[in-house]
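Engineer:
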Amino acid sequence: MATDMYKVYKQRWLVLLVVCLLNFSNAMTWISFAPISYYTNEFYGNRNAATFLNAIFMLVSIPFGVLALWGVDKYGIRATCHISALVNFVGNLVRSAAVFLPLPWRFYITLGGQAGAASIQPFIMYLSTKTAATWFANSERVTANTLAAMSNPLGVAVMYAVSPLIVNSNSWRDFSVLNGLILLLTFITLLSSLGVTRTAPKTPPSSSSTTTSSSSLPFYKNLLKRLKNKSFLILTFAVGSAIGLFNCLYNNLQPILCSNGYSNVFIGLCGSLMIISGLIGSAVCGIIADKTKKFNLIYKSCLILAVSCAIFMAFVVFHENKNALILSSIILFGFFGLATYPISLELAVECTFPTPEAFSSGCLIFFGQVFGIMYVTITSLLTTEPTERTKDIQTCTKIDLDIEVLEWEHSHYFWTFSMIVTVVFSLILFKPKYKRMEHEARKENQSHIEAIEQ
């Protein structure tokens, strides 16, 4: 196929916008209670309510993640967008209605709504690379994938900033406003999804997009083939572990900092700026990667800088009045750490080409949820009884209820050690082959030869 037979359409931006909104609103649903964990526990009448409402996303997305690996490629972008938007809206509608129920039903119904929204999270997250490869030209792919993939942590950033501002007590009014705000966004997303009228454009944007779609293997054959791909297995373990560690930090940041005397507003600022700096880092690295195609060099450089910031964070986070140092370490960690996420998704596609993009990137995200559950569980088990110092300075709860404040020092040191192991493993063992770029280069050379012969 000659180069002039590839074409991009303006509709690609609408499809990308819907995928971004889905990632953004679903992430807000997931993390909305983490920055206000103690108020959440009090309002829903369960001392582990915030943990359950966060962990249910990772837990439910494991079985549904397997289904999504098959379903996104089977039914395509259009159907996935429509169904995901509807389920996400219904899950949030249930959450909003549950605010007005008495205890203990308030918690159980909210958990059910949260599980509904969690069930379509993997479908939404797997869309990023598939949308970029199906609708965008080679020179736009990394940028499109970065915008879609980073909409998820952007939703986390917004909730870390907004939740502590809305919820200042365990009152139903505060929680009804919080849930209602997210419900409104999911309704807007549902309406926007109706604009996705096609799974793919009439004319493909690149040679690799036609090769991927035409060479799609049955699901079980794809799985068996990937199990023989050493580079992909190493990347899956490393990136899965890194995603799990990020999810764990999202979950644990509030209790770690509030037990050391930092306010909810400061904690919200830390969470938001970590993600915002990550968005900037992803944009910068995405542009560089689009221009240079040096994915592996960028990926490993960012890993080294991210783990350095994580080690520094471990030294300062358990001391009082270290706001500037904590904020600096978290911002730099977000900048370099989150920048690896969209780059790693592109690396997964490169390593496994011509396997469908949703399958390759989906495996990374799927194992990220598995590792997330593992890290959240282990760090929760490693908490200890609070010292007298912690009891005196903690800002976790101001209400005299049976809510226990815990010590998170051992947990965070385990988290830091796991981050070091993950990075060292990736630096030493990961050596990718750029199969997709090699294919595109061959196609381009072939087109030039054919043009000369004519």
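Counting along the sequence shown from 1, when you hit position 282 you're at 282 in UniProt numbering, and nothing is skipped either side.
Every residue gets a Cβ at the ideal spot worked out from N, C-alpha and C, and that includes glycine.
Whole angstroms are fine: how far does the CA of Gln114 sit from the CA of Val405?
Structural biologist: Those two C-alpha atoms are separated by around 25 angstroms.
Engineer: Quick check on Met5: buried or exposed, where buried means 16 or more other Cβ atoms within 10 Å of its Cβ?
Structural biologist: So Met5 counts as exposed.
Engineer: Could you have a look at Glu409 and say whether DSSP puts it in helix, strand or coil?
Structural biologist: Three-state DSSP puts Glu409 in a helix.
Engineer: If you compare alpha carbons, which of Ser169, Tyr44 and Leu67 is closest to Trp105?
Structural biologist: For Trp105, the nearest C-alpha among the options comes from Tyr44.
Engineer: If you draw a straight line from the C-alpha of Ser213 to the C-alpha of Pro356, how long is it?
Structural biologist: Note on Ser213: pLDDT 48, under 50, position unreliable in the model; the coordinate value appears next. Distance between the alpha carbons of Ser213 and Pro356 is about 7 angstroms.
Engineer: Excluding sequence positions up to five away, which residues of its chain have a Cβ less than 6 angstroms from the Cβ of Ser411?
Structural biologist: Result list for Ser411: Thr379, Leu382 and Thr383, in chain order.
Engineer: Would you mind sorting Asn168 into buried or exposed? The rule is 16 or more other CB atoms within 10 Å of its CB.
Structural biologist: With fewer than 16 Cβ atoms within 10 Å of its Cβ, Asn168 is classed as exposed.
Engineer: DSSP state of Thr390, grouped into three classes?
Structural biologist: Thr390 falls in the helix class under three-state DSSP.
Engineer: Mind checking who Thr384 pairs with in its DSSP beta bridge?
Structural biologist: According to DSSP, Thr384 bridges with Glu407.
Engineer: Using 7 angstroms as the threshold, is the C-beta distance between Ile343 and Ile298 below it?
Structural biologist: The answer is yes: Cβ separation under 7 angstroms.
Engineer: According to DSSP, is Glu438 helix, strand or coil?
Structural biologist: Residue state, collapsed to three classes: helix.
Engineer: Quick check on the DSSP output: the alpha helix (DSSP H) that includes Thr80 runs from which residue to which?
Structural biologist: From DSSP, the alpha helix (DSSP H) with Thr80 extends over Ala49 to Ala98.
Engineer: Quick check on DSSP: helix, strand or coil for Tyr160?
Structural biologist: DSSP places Tyr160 in helix when its eight states are reduced to three.
Engineer: Is the beta carbon of Ser282 sitting closer than 7 angstroms to the one on Cys309?
Structural biologist: Not in contact: Ser282 and Cys309 (Cβ atoms no closer than 7 angstroms).
Engineer: Using 10 angstroms around the beta-carbon of Glu320, count the other beta-carbons present and answer buried if the total reaches 16, otherwise exposed.
Structural biologist: Under this definition Glu320 is an exposed residue.
Engineer: Buried or exposed: where does Ser215 fall if 16 or more other Cβ atoms within 10 Å of its Cβ makes it buried?
Structural biologist: Residue confidence is low: Ser215 scores 49 on pLDDT, short of 50, so the model does not pin down where it sits. Its coordinate-derived value is still stated next. Ser215 is exposed by the Cβ-count criterion.
Engineer: When the Cα atoms are used, what is the spatial distance from Val60 to Asn88?
Structural biologist: Taking the straight line from one Cα to the other gives about 14 angstroms.
Engineer: Lys7 to Arg198, Cα distance in whole Å?
Structural biologist: Lys7 and Arg198: Cα-Cα distance of roughly 15 angstroms.
Engineer: Rounded to a whole number of angstroms, what is the C-alpha to C-alpha distance between Leu364 and Leu345?
Structural biologist: Rounded to whole angstroms, Leu364 to Leu345 spans 8 angstroms at the Cα level.
Engineer: In whole angstroms, give me the CA-to-CA distance for Met159 and Ser272.
Structural biologist: If you take the alpha carbons of Met159 and Ser272, they lie about 8 angstroms apart.
Engineer: So is Pro172 buried or exposed if we call it buried at 16+ other beta carbons inside 10 Å?
Structural biologist: According to the sequence provided, residue 172 is Trp. The question's Pro does not apply to it. When all chains shown are included, Trp172 counts as exposed.
Engineer: Quick check: what's the CA-CA separation for Leu303 versus Leu103?
Structural biologist: Approximately 45 angstroms, taken between the alpha carbons.
Engineer: DSSP three-state call for Lys10: helix, strand or coil?
Structural biologist: Three-state DSSP puts Lys10 in coil, outside helix and strand.
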